[in-house]
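Numbered by the working numbering, the letters in the sequence shown go through residues 1 to 393 in order.
Just so you know, even glycine gets a beta-carbon here, dropped at the ideal spot from N, CA and C.
Fair warning: this is a prediction, and the values are worked out from it, not measured in the lab.
Remarks on the structure that follows.
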Amino acid sequence: MAIAGQQVTVLGAGVGGLAAALALSQRGADVTVLEQADAIREIGAGLQISPNGTCVLRALGLGAELDAASMRAQAVELRDGQDGDLILRLDLARLRPKQGYHLLHRADLIDLLAKAARAAGVQIRLLQKVENVDLSGPRPRLTTAQGGESTPSFLIGADGLHSRTRAALNGKTAPFFTRHVAWRCVIPAEAEAAPVAEVHMGPGRHLVSYPLRGGTLRNIVAVEERSAWVEESWSLRDDPIEMKLAFAAFGPRVQGWLEQAQDVYVWGLFRHPVASVWAKTLAEGAAAILGDAAHPTLPFLAQGASMALEDAWLLADRLAKLPVADALAAYQSARAPRCARIVAAANGNAKVYHLSGLQRSIAHTALRLGGLIAPNLALKRFDWLYDFDVTQS
Ligand SMILES: Cc1cc2nc3c(=O)[nH]c(=O)nc-3n(C[C@H](O)[C@H](O)[C@H](O)COP(=O)(O)OP(=O)(O)OC[C@H]3O[C@@H](n4cnc5c(N)ncnc54)[C@H](O)[C@@H]3O)c2cc1C
């Protein structure tokens, strides 16, 4: 299908939806984005965008904006949570230096994508909460909370974790609570904070922190294993004392950060299957899903936003080059195996971070020795992930 001139509705002005809207608009499509929020404003905290995601932003023409809004990460450091000792340092600066591994505020990424999309002619309509997506007719049919209906010819469901479009394609699935909760907050950063992502690991819990916005802010995500159920939501506040208590046994560096935590959000970590059906061709239209709508992931590999960027690029590229049914088949067959592998790798990381007792001592010693003998090997294991450029595929 030559996408040029086609009307496309994107549901959701998150990272994936805005990137897809921009990519499609750059290929000549007439794109409208529907977003439930009343403004594109500062919600969320830090995101890590690895080279497989930054290559998409650069190919979209946003390299300068990305460099201005973000910090280029030098390293990931795995540390012992209790004494703060360094266990392993992974040198990120060597990873595809032209693309870079970037740390930035979610609000800044959303802002730069939204500005570029609007400049490319995309219409972003706010306060459009879609209650129902029906894919049983000749065209996708959307019903909003206010009762408005629309029947776009092409629908892209970029509507996140609780996607209505995913449910219309796959039926309802039941994610399960992983018995992990995560707190997130942003605090003022200490002077000259190095652009390093620190992972402080302890039995049954870990805490990730890195600076944002030129080193003025510090992002914190703290994960604890816990049996009490917590909602899967990005906007649930919690008392900072809960997070402080959970990390009371951690060292002074972490304690110093947590002392400053004020606005704290908590979310329950749920495991969802990767969607079986990513797209459908209808008599007079089609629908597809991307990003968290297709493959929600646990945050333990920091790939949610980068995967959504990869999806957005590939979907737009294939729609511009192929007839619609072929484009959608090519999209799912290229994306589903890679996303399933990433989601599985993220699931595995929780176990490594949260070890206790003898297993913990053995694993930490092995990591330390590995870092001394072959410092680049630990990162090399992830070449399949970071050393991939969807814009060249
Ligand atoms: C408010 C918010 C805060 C977040 N904060 C963080 C964070 O701090 N750290 C982190 O790592 N990840 C965060 N994430 C998740 C991260 O942005 C995503 O995992 C990743 O970027 C993949 O993006 P996505 O576009 O698939 O989904 P998302 O970025 O989740 O975007 C989905 C969009 O769809 C909209 N939407 C959903 N349902 C409807 C509907 N029925 N009608 C209309 N619009 C709808 C949502 O409002 C949202 O704007 C956050 C997501 C959200 C929505």
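Tell me R79's beta-bridge partners as DSSP assigns them. L86, H200
At what residues does the beta strand (DSSP E) containing A293 begin and finish? Per DSSP, A293 belongs to no beta strand (DSSP E) and is neither H nor E.
Per-residue DSSP class, three states only, for R360: helix
Would you please state the rounded distance, in angstroms, between the beta carbons of T178 and P273? I believe it to be under 8 Å. That pair is no contact at about 13 Å.
Of the choices Q359, A327, D292, C55, whose alpha-carbon is the least far from that of R166? D292
Determine whether the beta carbon atoms of Q99 and A194 lie at a separation below 8 Å. no
Please indicate yes or no: does the CB of S50 lie closer than 7 Å to some heavy atom of ligand 1? no
For the beta strand (DSSP E) containing Q7, name the first residue and the last one. 7-11
Could you pull out every unbroken alpha helix (DSSP H) segment of at least 4 residues lying fully inside the stretch 125-210, listed in chain order? 164-170
Taking contact to mean at least 3 C-beta pairs separated by less than 8 Å, is the stretch 9-28 in contact with the stretch 119-127? yes
Along the chain, where does the beta strand (DSSP E) that runs through Q48 open and close? 46-49
Label G357 either buried or exposed according to how many other C-beta atoms from any shown protein chain fall within 10 Å of its C-beta, with 16 as the threshold for buried. exposed
At the level of alpha carbons, what is the spacing between D317 and L367? 40 Å
Within 10 angstroms of the Cβ of F247, are there 16 or more other Cβ atoms? Answer buried if so, exposed if not. buried
Cβ neighbour criterion (16 or more within 10 Å) applied to Q146: exposed
Alpha carbons only, please: which of I43, D85, I362 is nearest the one belonging to G14? I43
Assuming E131 and T144 form a contact by the criterion Cβ under 8 Å, report the distance between their Cβ atoms to the nearest whole angstrom. 6 Å
For G81, is the beta carbon positioned less than 7 Å from some heavy atom of ligand 1? no
Within the continuous beta strand (DSSP E) that includes Y265, where are the two ends? 264-271
In angstroms, rounded to a whole number, what distance separates the CA positions of D238 and P188? 19 Å
Spatial distance of I220 from P138 (CA atoms): 46 Å
Under a Cβ-count criterion, where at least 16 other Cβ atoms within 10 Å of its own Cβ denotes burial, should Q7 be classed as buried or exposed? exposed
Considering only their Cβ atoms, is the gap separating L66 from H105 smaller than 8 Å? no
Give the single residue among L282, M243, L309 whose Cα lies nearest to the Cα of Q48. L309
Below 7 Å, is the gap between the Cβ of W234 and the nearest heavy atom of ligand 1? yes
Quick one, which of R72, T216, P323 has its alpha-carbon nearest P97's? R72
Proximity winner among G61, L60, R141, relative to L11 (alpha-carbon distances): R141
Simplified DSSP state of N347, which is helix, strand or coil: helix
Counting beta carbon pairs with one atom in the stretch 374-382 and one in the stretch 326-341, are three or more of them shorter than 8 Å? no
Taking Q303 as the reference, give the member of V352, E259, A346 with the closest Cα. A346
Measuring straight from C-alpha to C-alpha, what distance separates G181 and Y353? Correcting the residue type first, residue 181 is Val in the shown sequence and not Gly. Whole-angstrom Cα-Cα distance: 14 Å.
Proximity to G202 [Cα-Cα], best of A312, G81, L258: G81
H295: which of A286, E284, M307, A287 sits nearest, CA to CA? M307
If you drop the 5 nearest sequence neighbours on each side, which residues of the same chain put their C-beta closer than 8 Å to that of W229? F177, G268
Do R79 and E224 have their C-beta atoms closer together than 8 Å? no
Return yes when at least one heavy atom of ligand 1 lies under 7 Å from the C-beta of H162, else no. yes
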